[in-house]
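From first to last, the protein sequence lines are chains A and B.
Quick note on full-length UniProt numbering: the first sequence kicks off at 1 and runs consecutively.
Quick note on full-length UniProt numbering: the second sequence kicks off at 1 and runs consecutively.
Heads up: the structure comes next, in structure tokens.
Protein chains: 2
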Amino acid sequence: MSFSGAAAELGYTQSAVSQHIAALEADLGVRLLERRPVAPTVAGARLLAYAEPILLRLAAARADLARLAAPRPGPLRVGATPLAAAAAARLAADEPALTLCVTTRADLPRRVATDDLDLGLLDGYAAPNDPLPGTDLAPMDVSVHGEQPAVVALPRDHPLAARPALALADLALARWIDAPQVAAPLAQLRALAGAEGFPAGVTYPGTDVAGLLAAVAVGHGARRAPGRRGGGAPGPRRGGADRHPRGAPGGAAEARAGAAVAGTGRRPWTGVAVRSVTLGTPAAVDHRPPAEARTGTP
Amino acid sequence: MSFSGAAAELGYTQSAVSQHIAALEADLGVRLLERRPVAPTVAGARLLAYAEPILLRLAAARADLARLAAPRPGPLRVGATPLAAAAAARLAADEPALTLCVTTRADLPRRVATDDLDLGLLDGYAAPNDPLPGTDLAPMDVSVHGEQPAVVALPRDHPLAARPALALADLALARWIDAPQVAAPLAQLRALAGAEGFPAGVTYPGTDVAGLLAAVAVGHGARRAPGRRGGGAPGPRRGGADRHPRGAPGGAAEARAGAAVAGTGRRPWTGVAVRSVTLGTPAAVDHRPPAEARTGTP
DNA sequence: ACTACTTACGTATGTCGTAAAGATT
DNA sequence: AATCTTTACGACATACGTAAGTAGT
Numbered sequence: 001m002s003f004s005g006a007a008a009e010l011g012y013t014q015s016a017v018s019q020h021i022a023a024l025e026a027d028l029g030v031r032l033l034e035r036r037p038v039a040p041t042v043a044g045a046r047l048l049a050y051a052e053p054i055l056l057r058l059a060a061a062r063a064d065l066a067r068l069a070a071p072r073p074g075p076l077r078v079g080a081t082p083l084a085a086a087a088a089a090r091l092a093a094d095e096p097a098l099t100l101c102v103t104t105r106a107d108l109p110r111r112v113a114t115d116d117l118d119l120g121l122l123d124g125y126a127a128p129n130d131p132l133p134g135t136d137l138a139p140m141d142v143s144v145h146g147e148q149p150a151v152v153a154l155p156r157d158h159p160l161a162a163r164p165a166l167a168l169a170d171l172a173l174a175r176w177i178d179a180p181q182v183a184a185p186l187a188q189l190r191a192l193a194g195a196e197g198f199p200a201g202v203t204y205p206g207t208d209v210a211g212l213l214a215a216v217a218v219g220h221g222a223r224r225a226p227g228r229r230g231g232g233a234p235g236p237r238r239g240g241a242d243r244h245p246r247g248a249p250g251g252a253a254e255a256r257a258g259a260a261v262a263g264t265g266r267r268p269w270t271g272v273a274v275r276s277v278t279l280g281t282p283a284a285v286d287h288r289p290p291a292e293a294r295t296g297t298p
Numbered sequence: 001m002s003f004s005g006a007a008a009e010l011g012y013t014q015s016a017v018s019q020h021i022a023a024l025e026a027d028l029g030v031r032l033l034e035r036r037p038v039a040p041t042v043a044g045a046r047l048l049a050y051a052e053p054i055l056l057r058l059a060a061a062r063a064d065l066a067r068l069a070a071p072r073p074g075p076l077r078v079g080a081t082p083l084a085a086a087a088a089a090r091l092a093a094d095e096p097a098l099t100l101c102v103t104t105r106a107d108l109p110r111r112v113a114t115d116d117l118d119l120g121l122l123d124g125y126a127a128p129n130d131p132l133p134g135t136d137l138a139p140m141d142v143s144v145h146g147e148q149p150a151v152v153a154l155p156r157d158h159p160l161a162a163r164p165a166l167a168l169a170d171l172a173l174a175r176w177i178d179a180p181q182v183a184a185p186l187a188q189l190r191a192l193a194g195a196e197g198f199p200a201g202v203t204y205p206g207t208d209v210a211g212l213l214a215a216v217a218v219g220h221g222a223r224r225a226p227g228r229r230g231g232g233a234p235g236p237r238r239g240g241a242d243r244h245p246r247g248a249p250g251g252a253a254e255a256r257a258g259a260a261v262a263g264t265g266r267r268p269w270t271g272v273a274v275r276s277v278t279l280g281t282p283a284a285v286d287h288r289p290p291a292e293a294r295t296g297t298p
């Protein structure tokens, strides 16, 4: 990046950008950018980290007041994480006009806060009473719409696929596909299991459930789909959430667990077995022999 | 409040304040303040709610960069919640010059973020992997320094004081003293027990542990002191936390549970009995007959 | 009539653009 | 030499203060 480039993007001249940076650096008493080539200093990178949430909140505040002044006309804009999309689609039965948009877990609260979306349906793992991440961006209504046991997707010929149910700890050393956008990131799996392991193998960066399951079937790894507790559904203070106080209970959660099998018409996905998983606590991990885990993976 | 008063506080004239408000209202397209008398409108109150965290982050960013530019000289400034204060005092043994300041759980992260404190020791209840509230204000080092079973303080002559240990559900209908600054707020107790109850009785707004226990002894209610898991100790990125990577393990937690009994020299507080409490899960509450709880309370 | 907020206007400060100078590759 | 940033200076916009105007109490 360069001052000239930034100026072009902002509609300013290079001089103005230079003056801004100089003024800010003088104000803070720290050099923020190294020039020629232009790159953030340590202090500059730090400041940048602060800037993003602040700007996000400013945008959220402006959007909130604008919505307060003039309620938005048009269809209800619903966003959902990949595994909650089916539940969101089910909402369309009640709501005639409805816009659906699939995004990241992290992006969803942002979009709702900035009034880019009216309602968000997100899945994920959460303790009974902890707040959803991103919920503190702006005052928003949050409610839990379902709870479901966790499931894992395995290749059909996986040694552990023969069992009806598994413990997460058994899979600590399996070959996982890290698909942070679709299922839980590996880091969270480690936290949930209270154990090390869950080595980083193939990463699936997309948000496509079908694609991920295809990768599992081919044998790139054993991947777990979310479950345990239904994702909260953050909504705007006025709007969607109020109009749908009681959506189908468990809607989001059913879709989440079903996305692997039932989401495509309840016929088993080719080459994929879906098994329920009990989330291991640290104690459970310590007392359970992890020998069998090593046999796993295609 | 009045425009004139605000102007006096800001060092401006009434006119300037009037112009600012008018410009902001024109920008947002909403009336923010009702005049004569001056009071926030609904939109104004909403905007105010957004303003506080934004201003806090701005202050935190400025403080962080200032600290980065010129590390603060002088003694280590440590803050602590009332029940973690004893552990903080124990730090003084290692650190020759040390400033100690007792505050609220909510205030502590703010003070650390704005570089008003170098290190914060706070107690409280938390699930194994959830982040501490206030920790997202600024990038700060957080670590858990102890874990301890929960305890409840009862009057000596309380019917339940005869038992060596109690379940939180048993106390759902007891007469509690709500001391949100010292122990867990009643709302959190409800969440932890997964049950209704915990009726609001006397409120103890202070931060004085001894005073609270005196109130318990006199019989104003049955009050629980914190426990379960040690409070995390948020520290600045550079400074205290790095210099004390391994504080006495369990320091904060020991002090927290001990604040009722051991904190005053390990002699039992006059008229107060301290009993350990198991935190009830929703399931435990449903299956446990709550009849006995009704007998409790002095 | 008194008090408090609003509006009008003059001044000061700040911001941006143009243009020239300086620095780096 | 070419490219990019900094500095200098003039034009414009913004912000504040003074003072007059207006609206509640």
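Note that the Cβ used here is the ideal one computed from N, Cα and C, for glycine as well.
Because the structure is a prediction, the values reported are computed rather than measured.
For a cutoff of 9 Å on Cβ pairs, would you count residue i as touching chain A?
i: R105 of chain B; result: no
i: R163 of chain B; result: no
i: V30 of chain B; result: yes
i: D136 of chain B; result: yes
i: V42 of chain B; result: yes
i: residue 316 of chain B; result: Outside the modelled stretch of chain B, which goes from 1 to 298, sits residue 316 of chain B, for which no answer is possible.
i: P159 of chain B; result: no
i: Y50 of chain B; result: yes
i: R57 of chain B; result: yes
i: residue 379 of chain B; result: Since the first and last residues shown for chain B are 1 and 298, residue 379 of chain B lies out of range.
i: P139 of chain B; result: yes
At a Cβ threshold of 9 Å, is residue i touching chain B?
i: P109 of chain A; result: no
i: L132 of chain A; result: no
i: P37 of chain A; result: no
i: A60 of chain A; result: yes
i: P53 of chain A; result: yes
i: P205 of chain A; result: no
i: L122 of chain A; result: no
i: R46 of chain A; result: yes
According to DSSP, simplified to helix, strand and coil, what is residue i?
i: D64 of chain B; result: helix
i: I177 of chain B; result: strand
i: D170 of chain B; result: helix
i: E34 of chain B; result: strand
i: Q14 of chain A; result: helix
i: A291 of chain A; result: Because the pLDDT of A291 of chain A is 29, which lies under 50, any placement of that residue in the model is unreliable, and the question is left without a value.
i: D141 of chain B; result: strand
i: S2 of chain A; result: coil
i: R46 of chain B; result: helix
i: R275 of chain A; result: strand
i: P75 of chain B; result: coil
i: L70 of chain B; result: Per the sequence presented here, residue 70 of chain B reads as Ala, with Leu not at that position. Note: A70 of chain B maps to coil in three-state DSSP.
CB-CB under 8 Å to residue i, same chain, minus the five flanking residues each way: which ones, in chain order?
i: residue 301 of chain B; result: Examination of residue 301 of chain B is not possible in this model, given that chain B is present from 1 through 298 alone.
i: A66 of chain A; result: D115
i: A165 of chain A; result: R275, S276, V277 and T278
i: S18 of chain A; result: F3
i: V31 of chain A; result: Reading off the sequence shown, one finds Arg at residue 31 of chain A, where the question assumed Val. Once the five neighbours on either side are set aside, the close Cβ partners of R31 of chain A are E25, T41, A43 and G44.
i: P82 of chain B; result: V102, Q181, V182, T207, D208, V209 and A259
i: L48 of chain A; result: P40
i: P185 of chain B; result: D178
Short of 6 Å in beta carbon distance, which residues of its chain neighbour residue i, apart from the five on each side in sequence? Order them along the chain.
i: P282 of chain A; result: The predicted position of P282 of chain A is uncertain, since its pLDDT is 36 and thus under 50; a value taken from the coordinates is nonetheless stated next. These residues qualify, in order along the chain: G194.
i: T103 of chain A; result: G79
i: A273 of chain B; result: L154, R156 and A161
Using C-beta distances below 7 Å, list every residue in its chain close to residue i, excluding the 5 sequence neighbours before and after it, in chain order.
i: A16 of chain B; result: A7
i: A60 of chain A; result: A113, T114, L137 and A138
i: D130 of chain A; result: none
i: A89 of chain B; result: L100
*Between the region 64 to 93 of chain B and chain A, which residues of the former have CB atoms less than 9 Å from a CB of the latter, in chain order?*
D64, L65, A66, L68, A69 and A70
_Using a Cβ-Cβ cutoff of 7 Å, what residues of the region 165 to 180 of chain A are near chain B? List them in chain order._
none
*In chain order, each beta strand (DSSP E) run of at least 3 residues that lies wholly inside the region 179 to 219 of chain B*: none
*asked:* Which runs of the alpha helix (DSSP H) at least 4 residues long sit entirely within the region 87 to 165 of chain A? Give them in chain order.
replied: 107 to 113
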